Each structure stands twice: as structure tokens, then as C-alpha cells.
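As numbered in our numbering, residues 6 to 132 make up the sequence shown, in order.
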Amino acid sequence: MAERLNRDKDNRREKGAAAEQAACDYLVSQGYAIKDRNWRCRSGELDIVAELGRLLVIIEVRSRSGGRYGTAVESVDFRKTRQVRSTALTYLHYKQQEERELRFDVIAIEFDTELHVVSLQHIEGAF
């Protein structure tokens, strides 16, 4: 049982890392500059912080490999948006960027069983 839980946790980490890398690759191809990845503080974590011109964009990356638990987009609920916003305020203060124009995006990635990207959806201004 413990071995299965560890394998599931490792698989989740691998899928998360693959999703974040796919998201970064996509963002760079669209002209974004990646400033930070997996930035952590006491209130939570920001998956990706990027710049597009003068705009600072906080990107929440979600992935799924099947519809068993709903779509990746559906997993960004009120609790998650509140946590990301709170963490973003800490980030802005820490980086002395309080005056920056800010946008919150979601990138939802669907994988096949081999962790190949089936679809990538970028929702600008998601919350």
C-alpha cells in the first residue's frame, strides 16, 4: 500500500513537472519572459511568473490525464484563486513590484498516458 502511494506521488510530481515545462515552452514561444518558477512562501506557491511587455503575469498550471476527476480548468476553484492571489501579493512585495500591472492566467494541459501533451489551453485573465 505504501509503495503504491509513493508511486502515485512520484507520478503526480512527474506529471506536474512535465506540465510546467510544457507551459513554459508555450509561453516563451508566445513572447513571454519567464521570471520565476515554483516561487514559494508561507501562503503558497506560484507555478510560473512571467512578463509580457510591462505586464506581470501569474500563471497557474493545471494538468489532467483523463476526465475521471473533471477537467484541468475545473480544478481551479475559489479556494485556489484566493490562495494564488494572496501569494501573488507577497511576491509583489518581496520583489518590490507593488506598482506592476498584474494578470492571472491559467494554463490547462491534458496528457495522454505517456505524458505527451494532447491539448494546451491558455486562459488569459482567468481570475
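We treat Cβ as the ideally placed atom computed from N, Cα and C, and that holds for glycine. None of the values given here were measured: they were computed from a predicted structure.
Quick one: give me the first and last residue of the beta strand (DSSP E) that L94 is part of.
Where L94 is concerned, there is no enclosing beta strand (DSSP E), although the alpha helix (DSSP H) it sits in stretches over 83-99.
Contact check, D52 vs N43, beta carbons under 9 angstroms
Their beta carbons are under 9 angstroms apart, which means D52 touches N43 by this criterion.
Under 6 angstroms Cβ to Cβ from S70, same chain only, skipping five residues before and after it: list those, please.
Within its own chain, the residues whose Cβ lies closer than 6 angstroms to the Cβ of S70, once the five positions on either side in sequence are excluded, are F116, listed in chain order.
Inter-residue CB distance, V66 and A28 (contact presumed, cutoff 8 angstroms):
Correct: roughly 5 angstroms between the Cβ atoms.
Under the three-state DSSP convention, the category N43 falls into
If DSSP states are grouped into helix, strand and coil, N43 belongs with the strands.
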